[in-house]
Amino acid sequence: DGGITQSPKYLFRKEGQNVTLSCEQNLNHDAMYWYRQDPGQGLRLIYYSQIVNDFQKGDIAEGYSVSREKKESFPLTVTSAQKNPTAFYLCASTSLRTKAEAFFGQGTRLTVV
Amino acid sequence: ELKVEQNPLFLSMQEGKNYTIYCNYSTTSDRLYWYRQDPGKSLESLFVLLSNGAVKQEGRLMASLDTKARLSTLHITAAVHDLSATYFCAVDGNNNDMRFGAGTRLTVKP
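Protein chains in written order, with the working numbering: chain A, 942 to 1054; chain B, 947 to 1056.
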């Protein structure tokens, strides 16, 4: 089945530690996105990518990094520079050619311990 | 920079009533989305609107798009409890940067 998969579902991070969230899609989509959602809030754009080996900062990129080495994969690293990383992280993908709906993964809930 | 504004942010409705959620955006766009989110869950796609005057309907929900006014509406007809959720609109910017409104938390009461 085609879809977009995020892992892990839950992640715990110690102070000062970097962690990487995985996002994989087998939909042959060009564009991929990372969003952060805090409790009771909307989605804020962290990074997005339209093609392999290229990505752009969103509104809250500080303390995060990404890579796009393969079309199918767009991992997000939450670095120790991100002082308040506890949040729900959502990955999405869409086709820029067909302009169909964007699909979301199931999300990763990150907690600092 | 693309800005997306939704209102109202909170909506409490009686079952059987009608209401409309509004989504305004600041720059031209060729794609607008509506999503539903249940508590603790990811987003579920409801509609994609691609052209001026586009109207889509699914059950008790109907979405429309006016690109000249940079406005989309999500109309709820004869609300039922199962529609209780948070509804988001999202817009593609000129750089394919998809940005979201703040969401409308809908509660349908019996």
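Glycine included, every Cβ here is placed at the ideal spot set by N, Cα and C. Here the structure is a predicted model, which means the values were calculated and not measured.
Checklist line | Nearest residue (CA-CA) to phenylalanine 1029 of chain A, options A/Gln1047, A/Ser1036 and A/Thr1039 | finding: The candidate whose alpha carbon is nearest that of phenylalanine 1029 of chain A is A/Gln1047.
Note to self: In the DSSP output, which residue or residues are listed as bridge partners for phenylalanine 1046 of chain B?
What the structure shows: In DSSP, phenylalanine 1046 of chain B forms a bridge with B/Ala1036.
Next item on the list: List the whole-angstrom C-beta distance separating threonine 1052 of chain A from asparagine 959 of chain A, where the pair is believed to meet the contact cut-off of C-beta under 8 Å.
Entry: The Cβ separation is near 15 Å, so there is no contact.
Margin query: I'd like to know if the stretch 951-963 of chain B and the stretch 1007-1014 of chain B are in contact, where contact means that at least 3 CB-CB pairs between them fall below 8 Å.
Written below: Segments in contact, no.
Next item on the list: Report the partner residues of histidine 1021 of chain B according to the DSSP bridge assignment.
Entry: DSSP, once it has assigned bridges, lists B/Thr966 and B/Met1008 as partnering histidine 1021 of chain B.
Margin query: Quick check on aspartate 1028 of chain B: does DSSP put it in helix, strand or coil?
Written below: In the three-state reduction of the DSSP assignment, aspartate 1028 of chain B falls in the helix class.
Next item on the list: Please report how far the alpha carbon of valine 1007 of chain A lies from the alpha carbon of phenylalanine 1015 of chain A, in whole angstroms.
Entry: Approximately 7 Å between the Cα atoms of the pair.
Next item on the list: Measure the beta-carbon distance from leucine 996 of chain B to lysine 1040 of chain A and round it to whole angstroms, keeping in mind my assumption that it falls under 8 Å.
Entry: About 6 Å; that satisfies the 8 Å criterion.
Margin query: I need the straight-line Cα distance from proline 949 of chain B to alanine 1036 of chain B, nearest angstrom please.
Written below: The residue you asked about is not proline; residue 949 of chain B is lysine in the sequence shown. Lysine 949 of chain B and alanine 1036 of chain B have their alpha carbons spaced roughly 10 Å apart.
Notebook entry, point to check: If we ignore side chains and look at the alpha-carbon of each, how far apart do lysine 1024 of chain A and threonine 1018 of chain A end up?
Noted result: A direct Cα-Cα distance of roughly 13 Å separates lysine 1024 of chain A from threonine 1018 of chain A.
Next item on the list: Would you mind reading off the limits of the beta strand (DSSP E) that contains alanine 1028 of chain A?
Entry: From DSSP, the beta strand (DSSP E) with alanine 1028 of chain A extends over 1028-1035.
Item checked: Nonlocal neighbours in the same chain, by C-beta distance under 6 Å from lysine 1002 of chain B, ignoring five residues either side -> Taken in chain order, the residues that qualify are Phe993 and Ala1009.
Next item on the list: Starting from aspartate 995 of chain A, follow its DSSP beta bridges and name the residues at the other end.
Entry: In DSSP, aspartate 995 of chain A forms a bridge with A/Ile992.
Next item on the list: Identify the contact partners of phenylalanine 996 of chain A in chain B, using a Cβ-Cβ distance below 9 Å as the criterion.
Entry: Residues of chain B passing the Cβ test: none, with the nearest at roughly 11 Å.
Item checked: Per-residue DSSP class, three states only, for leucine 984 of chain A -> The three-state secondary structure of leucine 984 of chain A, taken from DSSP, is strand.
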